[in-house]
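Let me begin by presenting the structure, written as C-alpha cells, before commenting on it.
Numbering (my numbering), first residue to last: 248 to 598.
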C-alpha cells in the first residue's frame, strides 16, 4: 500500500482537473482497501474513492481528507462466469472477455474507468448496460463494517443509477461478478440502431464478437469517447449529462416548446422508457439550444466531435468547466424547459 501527502489528483482523472488530496493511498488488495476505509471511518476523516477517474469532477481546492485509489487486480473466468476485481481496467476486461468468445459486454468497449465503478453508474452504451450481466457485487458495507454480497436485485439498477449511487457513502465495491454468454463467437443481439447501421445488420441480429467490439470502438473514437492523451476532445468525462426521462405531462410540454422554438415540423428524439415515460436525447437538446460542437472560446469547451462532452482544452480549471456546464444547463432549461442532470460525480463543487 502506497501513501502520499498533499498529492495531486488531477492526473488521476480523465478531465485532468482538480486540486490535491491531503492524503493519497493506493491499495492493491481488498484487505488494504478495507483497512483504509475503516481507518477513515474510525477517525472521522472524509474519504474519496477513486477508480479510473473517468467520472470525477474535483474542485480546484482539492480534497481535504483521504483519497483512496483502488488498484486491485483480478480477472477470473470460469465457464461463462466472470469475476473482476474493482481495480481492473474496464476496457481491458472487455477485450479479454471478447477474446475468450463470451458475449454480453462487447458493446461497452472503450468506456474508460475501472470495473468497480461500472455497477455504481450502471454503465451503459450502444444498447448494453452492465445491469443485464451483473449477477452480484461484493462490497464493503461501511455501515455494518462487514463485507457483503449484493445480488442484481439488491443493486436496484435503473438508467445510470443504482443502490450504490443512491447511497454513495455506504458501499465500497470490491469485486463484480458477471454472467456472460457463449454464443459460438457471436455477439449478443445488436440493439442500438447506429451500431446496427454501421454493421450493416438489422437490430436483433448477432455479429462476430470482435466485429461488434471494433465497430463500437470506431464509433466512440469518432465522438472523442476513447481516451487519447494527444486529443483534447478526450480530456473529458465522456457524456457530461444524462438523457432526460420525462413523464407524459413533461414530454407534452417539452414537445410544445420544440414546436415553438424550431417550427411545426420539428420532432425531438423520443424513446419509450417504461411506465408511460419517454427518454429524449441530451445531445440533441444541447445542440438545438445553440451549443454546437466546439462551442466556447475559453479553456473549457464542448467537444469538437460530440455535443454531450465538455472538455479541458489543456489549461482549464474546474471552475472553467463548471461555468460552461452551467451555461449549457441554463440555455437548455430556458429553451426547452428541461433541467439537465450531470453524469459525473462532483467533489467539493456543485452545479
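Built from N, CA and C at the ideal position, the CB exists for glycine as well. Nothing here was measured: the structure is a model prediction, and the numbers come from that model.
For residue i: DSSP bridge partner residues
i, result
"residue 371", "376"
"residue 461", "Beta-bridge pairing links residue 461 to no other residue."
"residue 252", "270"
"residue 323", "330"
"residue 340", "Residue 340 is not bridged to any residue."
"residue 296", "315"
"residue 488", "589"
"residue 361", "336"
"residue 493", "525"
"residue 388", "393, 418"
Reduced DSSP secondary structure (H/G/I, E/B, other) of residue i
i, result
"residue 578", "helix"
"residue 283", "helix"
"residue 583", "helix"
"residue 353", "helix"
"residue 593", "strand"
"residue 383", "strand"
"residue 313", "strand"
"residue 346", "helix"
"residue 598", "coil"
"residue 304", "strand"
"residue 259", "helix"
"residue 275", "coil"
Inter-residue spacing [alpha-carbon to alpha-carbon] between residue i and residue j
i, j, result
"residue 300", "residue 268", "14 Å"
"residue 494", "residue 520", "9 Å"
"residue 510", "residue 597", "35 Å"
"residue 587", "residue 556", "13 Å"
"residue 264", "residue 431", "44 Å"
"residue 274", "residue 400", "29 Å"
"residue 466", "residue 298", "25 Å"
"residue 444", "residue 289", "54 Å"
"residue 572", "residue 482", "15 Å"
"residue 383", "residue 398", "4 Å"
"residue 361", "residue 370", "11 Å"
"residue 307", "residue 271", "16 Å"
"residue 375", "residue 333", "20 Å"
"residue 336", "residue 505", "41 Å"
"residue 548", "residue 472", "15 Å"
"residue 406", "residue 249", "36 Å"
"residue 395", "residue 503", "48 Å"
"residue 475", "residue 341", "18 Å"
"residue 578", "residue 533", "8 Å"
"residue 402", "residue 253", "35 Å"
8 Å contact criterion, which residue i and residue j should meet: CB distance rounded
i, j, result
"residue 284", "residue 294", "6 Å"
"residue 591", "residue 567", "Between residue 567 and residue 591 the Cβ distance is about 15 Å, and since that is not below 8 Å, they are no contact."
"residue 345", "residue 460", "5 Å"
"residue 423", "residue 366", "6 Å"
"residue 319", "residue 261", "Contact doesn't hold; Cβ gap of about 20 Å is too wide."
"residue 517", "residue 525", "5 Å"
"residue 603", "residue 463", "Residue 603 is absent from the structure shown; the chain starts at 248 and stops at 598."
"residue 453", "residue 433", "4 Å"
"residue 421", "residue 386", "6 Å"
"residue 489", "residue 529", "6 Å"
"residue 302", "residue 468", "Contact flag wrong, Cβ pair sits at about 19 Å."
"residue 435", "residue 450", "Contact flag wrong, Cβ pair sits at about 12 Å."
Closer than 8 Å: residue i CB and nearest the ligand ADP heavy atom
i, result
"residue 508", "For the structure depicted, the ligand ADP is absent and the ligand set is empty, with no information on it obtainable."
Please specify which runs of the alpha helix (DSSP H), each continuous and at least 4 residues long, are wholly inside the stretch 507-576, giving them in chain order. Entirely contained in the stretch 507-576, the alpha helix (DSSP H) runs reaching 4 residues are, in chain order, 529-535.
Any chance you could list the beta strand (DSSP E) runs of at least 3 consecutive residues sitting entirely within the stretch 393-478, in chain order? 393-398, 418-426
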